[in-house]
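Asks: Have a look at this one.
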Amino acid sequence: MGNIYTVSQVNSYIKSMFAQDFALNKISVKGEVSNCKYHPSGHIYFTLKDGGSQIGAVMFSSQKVNLKFRLEEGQQVVVQGTIDVYERDGRYQLYARQITREGTGDLYLRFEQLKKELEEMGMFDSCYKQPIPKYARRVGIVTASTGAAIRDIMNISARRNPYVQLVLYPALVQGEEAKYSIVRGIETLDAMGLDVIIVGRGGGSIEDLWAFNEEMVARAIFNCRTPVISAVGHETDVTIADYAADLRAPTPSAAAELAVFDYSQFEAKCQLYERTLERTMKNRLERLRYRLDQCRLRLQLHHPSRSVNEKRQRLADLESRLRRLMEERIKASRHRLALDSGRLQALSPLAQLGRGYSFVTGRDGKPLESVEQTARGDMLRIELRDGTIQAEAVQIDHREREESL
Numbered sequence: 001m002g003n004i005y006t007v008s009q010v011n012s013y014i015k016s017m018f019a020q021d022f023a024l025n026k027i028s029v030k031g032e033v034s035n036c037k038y039h040p041s042g043h044i045y046f047t048l049k050d051g052g053s054q055i056g057a058v059m060f061s062s063q064k065v066n067l068k069f070r071l072e073e074g075q076q077v078v079v080q081g082t083i084d085v086y087e088r089d090g091r092y093q094l095y096a097r098q099i100t101r102e103g104t105g106d107l108y109l110r111f112e113q114l115k116k117e118l119e120e121m122g123m124f125d126s127c128y129k130q131p132i133p134k135y136a137r138r139v140g141i142v143t144a145s146t147g148a149a150i151r152d153i154m155n156i157s158a159r160r161n162p163y164v165q166l167v168l169y170p171a172l173v174q175g176e177e178a179k180y181s182i183v184r185g186i187e188t189l190d191a192m193g194l195d196v197i198i199v200g201r202g203g204g205s206i207e208d209l210w211a212f213n214e215e216m217v218a219r220a221i222f223n224c225r226t227p228v229i230s231a232v233g234h235e236t237d238v239t240i241a242d243y244a245a246d247l248r249a250p251t252p253s254a255a256a257e258l259a260v261f262d263y264s265q266f267e268a269k270c271q272l273y274e275r276t277l278e279r280t281m282k283n284r285l286e287r288l289r290y291r292l293d294q295c296r297l298r299l300q301l302h303h304p305s306r307s308v309n310e311k312r313q314r315l316a317d318l319e320s321r322l323r324r325l326m327e328e329r330i331k332a333s334r335h336r337l338a339l340d341s342g343r344l345q346a347l348s349p350l351a352q353l354g355r356g357y358s359f360v361t362g363r364d365g366k367p368l369e370s371v372e373q374t375a376r377g378d379m380l381r382i383e384l385r386d387g388t389i390q391a392e393a394v395q396i397d398h399r400e401r402e403e404s405l
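The sequence shown begins at 1 in UniProt numbering and counts up by one.
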């Protein structure tokens, strides 16, 4: 039996052989970029391929100063660097020092051509986009039944809202038959009257995701009456299905968050609305009670009985005032009457008669003021204080004027 070596010894020996090969230490390789990933550390991991084979490649962050453009899927590039063995994994890869653009890959050209054609047909127009329901209860999923995408969707859906029903159509998401399987899944779930459909898969190279760049898949999404969320690959992966869908999610997990509403937030919002409604109703009731009290006071103020009482009081006041005025008027009139009575009493003939005077009338009944008004023999009437005397004029004596004065 020959010598027995450890795995580390074998990988180390192969690495030394690569190091001794001058051609591999400084080599330029042309190919199409695929499965390009930018690592948070700054390193770029990608695959170079042609029609028959592929090789893994990496450009470390220290070498990125030599990169004059952003490396993306489908680019034709020439990579200058070293091919060496990564001992831990026992695989060889291309360590890039410089990358220059050579052209555009075939798949990328097909992608751009189909995108342009469908865009000109209006399939990507926002006017055809359907709104995603805010409170979906039944969510359809078109993806592989064993992939990471369905597990992520199920976990996030269960965490956000365990009452949402998930309906899975286990479709092929990679290979020649994948596009037909995806189309059947979309049409089947669309006929079930669901609230929203998620179409997608986990990440991969442009070849792995190519089923979602097929025209028939884009048309199936466009013709779907149910709103469709596209969730293909990672955030940097963009497919034709993303443009045709009503909404694009960067990952299947994000699609689940967009399709399934958070029940706890919904419940908290309902409780907030309930408290707000109660507070609003309470404030409104308080305002209405205050308004009712004001109306009650106003009604009491304008009540007919109050008005009648006020008028009665006013009438009583007027009556008292009228009585007072009448008494004052009567008193004043009595006083004036007493004065006038005194004056009349002083001027009364009877009063004069009471002081020894008499009142004489002639034959015609008129008072005699002069001896010229009578003649001898005329009958005279003499009024005294206590009676009347009938007399005859026997003698008339005339008195001189001066004497009379």
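Positions of the beta carbon are idealized from the N, C-alpha and C atoms, including for glycine.
Taking 8 Å as the cut-off, does the segment 212 to 225 touch the segment 84 to 94 (at least 3 CB pairs, one atom from each stretch)?
Replies: no
Asks: Between which two residues does the beta strand (DSSP E) containing Cys224 stretch?
Replies: For Cys224, there is no enclosing beta strand (DSSP E), since its DSSP letter is neither H nor E.
Asks: At the level of alpha carbons, what is the spacing between Gly365 and Leu337?
Replies: 31 Å
Asks: Going by C-alpha distance, which of Thr361, Gly202, Val371 and Arg298 is nearest Met379?
Replies: Thr361
Asks: Less than 8 Å between C-beta atoms, sequence neighbours within five positions excluded: which residues of the same chain meet that for Arg284?
Replies: none
Asks: For the structure I just gave you, are there three or more beta carbon pairs, one from the segment 152 to 166 and one from the segment 121 to 141, closer than 8 Å?
Replies: yes
Asks: For Ala220 versus Val183, is the C-beta spacing smaller than 7 Å?
Replies: yes
Asks: Just verifying my parser: in three-state terms, what is the DSSP assignment at Asp84?
Replies: Secondary structure at Asp84: strand, using DSSP grouped into helix, strand and coil.
Asks: For my contact list, Ser230 and Arg248 are in at a C-beta cut-off of 8 Å; report their separation, rounded to the angstrom.
Replies: Their Cβ separation, rounded to whole angstroms, is 5 Å, which keeps Ser230 and Arg248 in contact under 8 Å.
Asks: If Cys224 and Ile186 are in contact, beta carbons under 8 Å, what's the gap, nearest whole angstrom?
Replies: 6 Å
Asks: Given that a residue counts as buried once 16 or more other Cβ atoms are within 10 Å of its Cβ, and exposed if not, what is Asn161?
Replies: buried
Asks: Out of Phe69, Glu73 and Leu24, state which residue places its alpha-carbon closest to the alpha-carbon of Gly31.
Replies: Glu73
Asks: Going by DSSP in three states, Ile182 sits in which element: helix, strand or coil?
Replies: helix
Asks: In chain order, which beta strand (DSSP E) runs of at least 3 residues are fully inside the UniProt domain "OB-fold nucleic acid binding" (5 to 99)?
Replies: 27 to 38, 44 to 49, 54 to 59 and 75 to 86
Asks: Write down the C-beta distance between Thr143 and Gly203 rounded to the nearest angstrom, noting that I regard them as a contact closer than 8 Å.
Replies: Actually they are not in contact, since the Cβ atoms of Thr143 and Gly203 sit about 13 Å apart, beyond 8 Å.
Asks: So which of Leu48, Ile27 and Ser61 has the shortest CA-CA distance to His39?
Replies: Ser61
Asks: Tell me the rounded alpha-carbon separation between Arg329 and Asp317.
Replies: 18 Å
Asks: Cβ atoms of Val77 and Val33: under 7 Å apart, would you say?
Replies: Cβ atoms of Val33 and Val77: closer than 7 Å.
Asks: Here's the rule: buried if 16 or more other CB atoms are within 10 angstroms of the residue's CB, otherwise exposed. What is Asp242?
Replies: buried
Asks: Can the beta-carbon of Val85 be found less than 7 Å from the beta-carbon of Ile27?
Replies: No.
Asks: Apart from the five residues just before and just after Lys269, which ones in its own chain have a Cβ nearer than 7 Å to its Cβ?
Replies: none
Asks: Among the candidates Lys37, Gly193 and Ala259, whose CA atom is the shortest distance from the CA of Asp246?
Replies: Ala259
Asks: When the Cα atoms are used, what is the spatial distance from Gly387 to Leu339?
Replies: 29 Å
Asks: Cα separation between Leu344 and Glu383?
Replies: 19 Å
Asks: Quick one: measure Cβ to Cβ for Val394 and Arg376, integer angstroms, because I've assumed they're closer than 8 Å.
Replies: 7 Å
Asks: Measuring alpha carbon to alpha carbon, tell me which of Leu299, Phe46, Ala255 and Val7 ends up nearest Pro133.
Replies: For Pro133, the nearest C-alpha among the options comes from Ala255.
Asks: Mind pulling the alpha helix (DSSP H) runs of 4 or more residues that sit fully within the segment 93 to 159?
Replies: Whole alpha helix (DSSP H) segments, 4+ residues: 106 to 120.
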